[in-house]
Amino acid sequence: MIDDDGYRPNVGIVICNRQGQVMWARRFGQHSWQFPQGGINSGETAEQAMYRELFEEVGLSRKDVRILASTRNWLRYKLPKRLVRWDTKPVCIGQKQKWFLLQLVSSDAEINMQTSSTPEFDGWRWVSYWYPVRQVVSFKRDVYRRVMKEFAGVVMALQESTPKPQSAPAYRRKRG
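To convert, note that position 13 of the sequence shown is 13 in full-length UniProt numbering; the numbers rise steadily by one, no gaps.
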């Protein structure tokens with residue numbers, strides 16, 4: 001499904017943990033890393049597509065995450081000319097994306113990159129919040145910067161509300 005301007009409707013997913021780190025996934029068989037993302041099917045809402053892609057790409061379901069935010073607007077990026085498939089009609093020149101910020105509420109052990117017969121990713125790790133903006137492929141950087149800027153306040157508030165581990169009580173000498 002391509003819109004009149006040549007953009008494919010798509011969802012992007014930022015998954016964070018309680019420490020404010022984000023999940024960074026390695027594309028299958030590549031040295032390229034990105035957030036999970038995928039197309040919106042005809043008749044599907046952005047939220048429905050997000051849950052479908054979440055399961056297909058990283059094996060998580062509704063019970064494993066909590067929606068914290070979504071972008072106010074659709075964000076667009078153009079594909080480099082070398083990646084445009086000129087022989088398909090209609091021609092897709094890029095993606096327009098609705099992004100979701102999710103908090104992982106279950107264990108990391110629930111993450112499974114092998115739920116599909118054609119996996120998108122073959123590895124993942126937790127990284128600092130702003131790390132993806134510098135590391136993603138160049139044509140997606142502006143969108144990533146805008147997404148992370150929009151979600152930053154929510155993630156920082158989440159970090160502040162997460163109880164810090166208690167330090168051990170100070171050693172006290174027994175009085176005799």
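Where is the CB? At the ideal position from N, CA and C, for every residue including glycine.
DSSP puts Y7 in a beta bridge; with which residues? Partner residues in the beta bridge of Y7, as assigned by DSSP, are G94.
Return the Cβ separation of K96 and Y7 in integer angstroms, given the expectation that the two are a contact with Cβ distance under 8 Å. Contact between K96 and Y7 holds, with the beta-carbon distance rounding to 4 Å and staying under 8 Å.
What residue ranges within the UniProt domain "Nudix hydrolase" (6-149) form continuous beta strand (DSSP E) runs of no fewer than 3 residues, ordered along the chain? Considered as a whole, the UniProt domain "Nudix hydrolase" (6-149) harbours 7-16, 22-27, 37-39, 65-70, 75-78, 94-104 and 121-127 as its complete beta strand (DSSP E) runs of no fewer than 3 residues, in chain order.
Y77 to D122 span [Cα, whole Å]: Annotation: Y77 to D122 spans about 24 Å, alpha carbon to alpha carbon.
For a test of the three-state rule: what should DSSP assign to M156, helix, strand or coil? In the three-state DSSP reduction, M156 falls in the helix class (H, G or I).
How many Å lie between H31 and V137 at the Cα? If you draw a straight line from the Cα of H31 to the Cα of V137, it is about 11 Å long.
What's the call for N73, buried or exposed, on a 16-neighbour Cβ count within 10 Å? By the neighbour-count rule (16 or more Cβ atoms within 10 Å), N73 is not buried but exposed.
For R62, which residues from the same chain have a beta carbon less than 8 Å from its beta carbon, with the 5 sequence-adjacent residues on both sides left out? Taken in chain order, the residues that qualify are Y51.
Tell me the DSSP secondary structure of S161 in three-state form. S161: helix per DSSP, three-state reduction.
Compute the distance between the beta-carbons of V11 and R66, then report whether it is under 7 Å. Not closer than 7 Å, so no.
Mind checking whether I13 and F139 have CB atoms under 7 Å apart? By the CB criterion at 7 Å, I13 and F139 fall outside the cutoff.
For L68, which residues in the same chain have their Cβ closer than 6 Å to its Cβ, ignoring the five residues on either side in sequence? L101, Q103 and V154.
Whole-angstrom C-beta distance between K98 and T71, which should lie under 8 Å: Yes, they are in contact, since the Cβ atoms of T71 and K98 sit about 6 Å apart, within 8 Å.
Look at the Cβ atom of Y129, then the Cβ atom of V58, and state whether they are nearer than 7 Å. At the C-beta level, Y129 and V58 stay beyond 7 Å of one another.
Drop a sphere of 10 angstroms on the beta-carbon of W24, count the other beta-carbons inside from all chains shown, and report buried for 16 or more, exposed for fewer. A residue is called buried when at least 16 other Cβ atoms come within 10 angstroms of its Cβ; W24 meets this threshold and is buried.
Once the 5 residues before and after S42 are set aside, which same chain residues still bring their CB inside 7 Å of it? Correct list, in chain order: M1.
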